[in-house]
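All remarks here apply to the structure that follows.
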Amino acid sequence: MTWDELNALCRSCTRCGLSATRKNAVIGRGNMNAPVLFVGEGPGAQEDEQGLPFVGQAGKLLDTALEALDFRPDMYYIANVVKCRPPQNRNPLPDEAGACIPFLREQFRLIRPKIVVCLGSVASVNLIGPDAKITAVRGKWLERKGTYFTATYHPAALLRDESKKIFMWRDLKAVREKIDEIAE
Ligand code: URA
8 MTWDELNALC
18 RSCTRCGLSA
28 TRKNAVIGRG
38 NMNAPVLFVG
48 EGPGAQEDEQ
58 GLPFVGQAGK
68 LLDTALEALD
78 FRPDMYYIAN
88 VVKCRPPQNR
98 NPLPDEAGAC
108 IPFLREQFRL
118 IRPKIVVCLG
128 SVASVNLIGP
138 DAKITAVRGK
148 WLERKGTYFT
158 ATYHPAALLR
168 DESKKIFMWR
178 DLKAVREKID
188 EIAE
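Structural data, given as C-alpha cells:
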C-alpha cells in the first residue's frame with residue numbers, strides 16, 4: 008500500500024462508529040522515513056478540526072520537550088492508535104482500536120521506524136501488550152524483530168499532574184540517546 012492509498016482509505020473509512028462524527032481523519036505528521044514513531048491515543052477537538060495529530064495543548068507540550076531535547080523534525084513521525092476523534096475525548100474502545108490498528112500497522116510498514124514510543128496507556132496496551140501498565144512499562148525497552156519499543160506518559164497526563172514531567176523528560180532523553188546509539 009502507498010501513502011496515497013492509506014490516506015484515501017482512512018478518509019473514507021467507516022469501520023467503526025467514530026467515523027460518524029469526525030470532521031477529519033487524523034493520519035499523522037512528520038518525516039515519513041523517520042527513525043522514531045510516536046504513537047498517541049486518538050485525536051482531540053483541535054486535531055479533528057485541523058486533521059493533524061498533537062496540535063492542541065498536549066501537542067505543544069510534546070513539541071516543546073522534543074525541541075528542548077534536540078529532536079530534529081526529521082527524526083520523528085507522530086500518529087495515533089485511532090484516526091478519528093472519540094466523543095468527549097474518551098479513550099478509544101477496544102473494538103474501535105481494533106478496527107483502526109491495521110492503518111497504524113500500515114504506517115509502521117511504510118515508515119519502518121527503528122524506535123516506537125507509546126505515549127500513554129492506550130498506545131502501550133495496543134502496541135506492547137494487553138497488560139502493559141504505563142507505570143510498569145515506561146522507560147523500559149523491548150526489542151521486537153529489530154525495532155525498539157518503549158513508552159512514556161501521555162503529554163495530557165502531564166497537564167493534569169506536573170510531577171510526571173521529570174519522568175517523561177528522562178524517558179524522551181533516553182529515546183534521543185537511542186537514536187544516536189542506533190546511528191553509530
Ligand atoms: N492526544 C492524542 O493522543 N493524540 C492527539 O493527536 C492529540 C491528543
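Sequential numbering of the sequence shown, starting at 8, is according to this note's numbering. Glycine residues also receive a C-beta, built at the ideal position from the N, C-alpha and C atoms. Computed from a prediction, not measured in an experiment: that's the story for all the values here.
Bridge partners of V43 according to DSSP: Y83 and I122.
Taking the CA atoms as reference points, P94 sits about 44 Å from E191. According to DSSP, A158 shares a beta bridge with C125 and R145. The beta carbons of A130 and V88 sit closer together than 7 Å. Of all C-beta pairs linking the segment 114-124 to the segment 60-80, fewer than three are shorter than 8 Å, placing the two stretches out of contact.
By the neighbour-count criterion, in which a residue is buried when 16 or more other Cβ atoms sit within 10 angstroms of its Cβ, I173 is exposed.
Exposure of R167 is indicated by the presence of fewer than 16 other C-beta atoms within 10 angstroms of its C-beta. With a cutoff of 7 Å on beta-carbon distance, Y160 and K171 are scored as near each other. Not one heavy atom of the ligand URA is found less than 6 Å from the C-beta of E103. Of the other Cβ atoms in all chains shown, 16 or more fall within 10 Å of the Cβ of G127; this residue is therefore buried. In the DSSP assignment, no residue is bridged to E184.
Summarising the contact set, residues whose Cβ lies nearer than 7 Å to any heavy atom of the ligand URA are, in chain order, V33, G47, E48, G49, P50, G51, E54, P60, F61, G63, A65, G66, N87, L126, G127, H161 and A163.
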